[in-house]
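Asker: Whatever position you read off the sequence shown (first residue = 1), add 6 for the numbering used here.
We treat Cβ as the ideally placed atom computed from N, Cα and C, and that holds for glycine.
For reference, the structure I am asking about is given below.
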Amino acid sequence: LEIKIAQGAKPGEGGQLPGPKVDQYIASLRNSVPGVELISPPPHHDIYSIEDLAQLIYDLHQICPEAKVSVKLVASAGIGTIAAGVAKANADVIQISGHDGGTGASPLSSIMHAGAPWEQGLAEAQEVLVGNGLRKRVTLRVDGGIKTGWDVVVAAMMGGEEFGFGSIAMIAEGCIMARVCHMNSCPVGVATQREKLRKKFPGTPEHVANFMLFVAEEVRTILAALGYRSLDEIIGRTDLLGPRGNSDVRTNVPQPAVASGMGTKREPLGGPKRLSKAASVDLSVFFSDSPPDEEDRTSWVGATRNS
Numbered sequence: 007l008e009i010k011i012a013q014g015a016k017p018g019e020g021g022q023l024p025g026p027k028v029d030q031y032i033a034s035l036r037n038s039v040p041g042v043e044l045i046s047p048p049p050h051h052d053i054y055s056i057e058d059l060a061q062l063i064y065d066l067h068q069i070c071p072e073a074k075v076s077v078k079l080v081a082s083a084g085i086g087t088i089a090a091g092v093a094k095a096n097a098d099v100i101q102i103s104g105h106d107g108g109t110g111a112s113p114l115s116s117i118m119h120a121g122a123p124w125e126q127g128l129a130e131a132q133e134v135l136v137g138n139g140l141r142k143r144v145t146l147r148v149d150g151g152i153k154t155g156w157d158v159v160v161a162a163m164m165g166g167e168e169f170g171f172g173s174i175a176m177i178a179e180g181c182i183m184a185r186v187c188h189m190n191s192c193p194v195g196v197a198t199q200r201e202k203l204r205k206k207f208p209g210t211p212e213h214v215a216n217f218m219l220f221v222a223e224e225v226r227t228i229l230a231a232l233g234y235r236s237l238d239e240i241i242g243r244t245d246l247l248g249p250r251g252n253s254d255v256r257t258n259v260p261q262p263a264v265a266s267g268m269g270t271k272r273e274p275l276g277g278p279k280r281l282s283k284a285a286s287v288d289l290s291v292f293f294s295d296s297p298p299d300e301e302d303r304t305s306w307v308g309a310t311r312n313s
């Protein structure tokens with residue numbers, strides 16, 4: 007059961023459904039009229055404090071004791087303090103959502119300027135929760151542009167235990183990222199209510215399952231290269247992370263051309279390419295020179311929540 011405090015790709019705006027996509031059927035479900043723009047009904051109109059959130063979490067646990075309650079937060083500066091409060095409010099899962107990913111219906115201003123990377127939010131939440139002895143009370147879930155096994159391993163080293171795939175899973179089942187989700191004219195029938203276009207949908211569950219198997223295989227390859235047998239062994243191991251060199255290739259195994267010495271590296275004009283928006287970011291918070299205390303780490307990795 008998820009309490010969505012905000013969304014990563016468009017924080018504070020909620021799920022937007024443009025008017026042209028609101029047909030008679032959807033309008034009847036939402037007690038509206040066709041052609042009227044809708045937003046996702048937010049569950050937090052009455053959440054003004056951490057106490058209100060704790061009360062909602064308590065109510066959900068009473069209604070369905072066997073269900074886990076997840077609270078979705080947006081990666082941003084100061085998220086560690088919020089995550090600590092959510093953990094004290096007895097949530098089972100804290101989801102850290104990054105700025106990447108999201109639907110093509112997001113306003114361009116949000117896609118380009120809103121939110122922060124999931125790495126920033128996850129690193130801060132992990133540090134604060136561990137420092138305050140709260141880490142064993144919650145499961146950390148992360149999403150927002152995770153696409154490969156490499157991303158999964160990096161997220162695990164930063165403390166993530168569960169990993170969400172959204173955009174890339176849609177691509178695996180046929181989405182071509184036409185960026186017309188808001189126009190009700192998706193050419194492959196993914197994000198449209200028009201029956202003529204929906205008949206063009208090519209996806210099957212097997213497509214997504216096959217993609218996930220490849221992701222799992224990449225994770226296994228990286229773990230084997232590092233000398234570990236399972237993902238649990240590297241969760242929270244920030245000492246295994248390090249900054250990438252300016253000309254390093256982002257890959258977990260040597261590329262054939264590079265490994266054989268046949269490839270030639272060509273530096274771009276003006277020297278190595280740098281990301282301007284990350285040039286001033288202090289990367290020291292993401293890494294550690296020494297491994298964490300293993301007894302403490304294993305006390306929360308895979309721990310039974312709220313036992």
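Per DSSP, T145 is paired with what?
Answerer: In the sequence shown, counting from the first residue as 1, residue 145 sits at position 139. Paired residue(s): V99.
Asker: Whole angstroms are fine: how far does the CA of K202 sit from the CA of P71?
Answerer: Residue 71 sits at position 65 when you count from the first residue of the sequence shown. Residue 202 sits at position 196 when you count from the first residue of the sequence shown. Using only the alpha carbons, I get a separation of about 43 Å.
Asker: Give me the residue from Q68, R36, V160 and T145 with the minimum Cα distance to S90.
Answerer: The residue you call residue 90 lines up with position 84 of the sequence shown. Per the sequence shown, residue 90 should be read as Ala rather than Ser. Per the Cα distances, T145.
Asker: Does the structure place the stretch 126 to 137 close enough to the stretch 78 to 96 that three or more beta carbon pairs sit under 8 Å?
Answerer: In short, these stretches touch, since the Cβ pair count reaches three.
Asker: Let me know if Q68 comes out buried or exposed under the rule of 16 or more other beta-carbons within 10 Å of its beta-carbon.
Answerer: For the purposes of this step, residue 68 is identified with residue 62 of the sequence shown, where counting begins at 1. Classification of Q68: exposed, given that the 10 Å Cβ count is below 16.
Asker: Taking all protein chains shown into account, do 16 or more other C-beta atoms lie within 10 angstroms of the C-beta of R36, making it buried, or fewer, making it exposed?
Answerer: The residue you call residue 36 lines up with position 30 of the sequence shown. Classification for R36: exposed.
Asker: If we ignore side chains and look at the alpha-carbon of each, how far apart do T227 and R143 end up?
Answerer: Position 221 of the sequence shown holds residue 227. Position 137 of the sequence shown holds residue 143. So the alpha carbons of these two residues sit roughly 31 Å apart.
Asker: Going by C-alpha distance, which of V291, P208, G155 and L232 is nearest E179?
Answerer: Along the sequence shown, read from residue 1 onward, the residue named residue 179 stands at position 173. For the residues V291, P208, G155 and L232, the minimum Cα distance to E179 belongs to P208.
Asker: Who are V77's beta bridge partners in DSSP?
Answerer: Translated into the one-based positions of the sequence shown, residue 77 becomes position 71. Per DSSP, I9 and I100.
Asker: Since P26 and N190 are thought to touch, with beta carbons under 8 Å apart, how far apart are those beta carbons, to the nearest angstrom?
Answerer: Against the sequence shown, residue 26 aligns to sequence position 20. Against the sequence shown, residue 190 aligns to sequence position 184. 5 Å between Cβ atoms; contact.
Asker: Rounded to whole angstroms, how far is the Cβ of G127 from the Cβ of I174, which I believe are closer than 8 Å?
Answerer: For the purposes of this step, residue 127 is taken as residue 121 along the sequence shown, with counting starting at 1. For the purposes of this step, residue 174 is taken as residue 168 along the sequence shown, with counting starting at 1. Rounded, the Cβ-Cβ distance is 19 Å, inconsistent with contact.
Asker: Using C-beta distances below 6 Å, list every residue in its chain close to F104, excluding the 5 sequence neighbours before and after it, in chain order.
Answerer: Indexing the sequence shown from 1 puts residue 104 at position 98. Per the sequence shown, the amino acid found at residue 104 is Gly instead of Phe. Cβ neighbours of G104 beyond the five flanking positions: G14, A81, P123, W124, G150 and G151.
Asker: Could you tell me the distance, in whole angstroms, from the CA atom of G248 to the CA atom of G155?
Answerer: Translated into the one-based positions of the sequence shown, residue 248 becomes position 242. Translated into the one-based positions of the sequence shown, residue 155 becomes position 149. If you take the alpha carbons of G248 and G155, they lie about 17 Å apart.
Asker: Closest to L237 by CA distance: which of G165, N96 and V291 is it?
Answerer: Within the sequence shown, numbered from 1, the residue matching residue 237 stands at position 231. Minimum Cα distance to L237 is reached at G165.
Asker: Bridge partners for E168 per DSSP, in chain order?
Answerer: If you number the sequence shown from 1, residue 168 lands on position 162. R147.
Asker: Measuring straight from C-alpha to C-alpha, what distance separates L135 and R141?
Answerer: Position 129 of the sequence shown holds residue 135. Position 135 of the sequence shown holds residue 141. Going by the C-alpha atoms only, they are around 5 Å apart.
Asker: Using a Cβ-Cβ cut-off of 7 Å (strictly less than) and excluding sequence neighbours within five positions of I11, which residues of its own chain qualify?
Answerer: Here residue 11 refers to the residue found at position 5 when the sequence shown is read from its first residue. Excluding positions up to five away in sequence, the list reads H50, V77, K78 and L79.
Asker: In the DSSP assignment, the alpha helix (DSSP H) including S305 goes from what residue to what residue?
Answerer: Within the sequence shown, numbered from 1, the residue matching residue 305 stands at position 299. From DSSP, the alpha helix (DSSP H) with S305 extends over E300 to W306.
Asker: Should Q126 be flagged as near chain B, meaning a C-beta pair shorter than 7 Å?
Answerer: Included in the structure is just one protein chain, with no chain B present.
Asker: Give, in chain order, every unbroken run of the alpha helix (DSSP H) that is at least 4 residues long and sits entirely within the stretch 170 to 258.
Answerer: As far as the stretch 170 to 258 is concerned, its whole alpha helix (DSSP H) runs of at least 4 residues are 173 to 178, 201 to 204 and 211 to 232.
Asker: Under the rule that 16 or more other beta-carbon atoms within 10 Å means buried, what is D106, buried or exposed?
Answerer: One-based indexing of the sequence shown puts residue 106 at position 100. Buried: at least 16 other Cβ atoms inside 10 Å.
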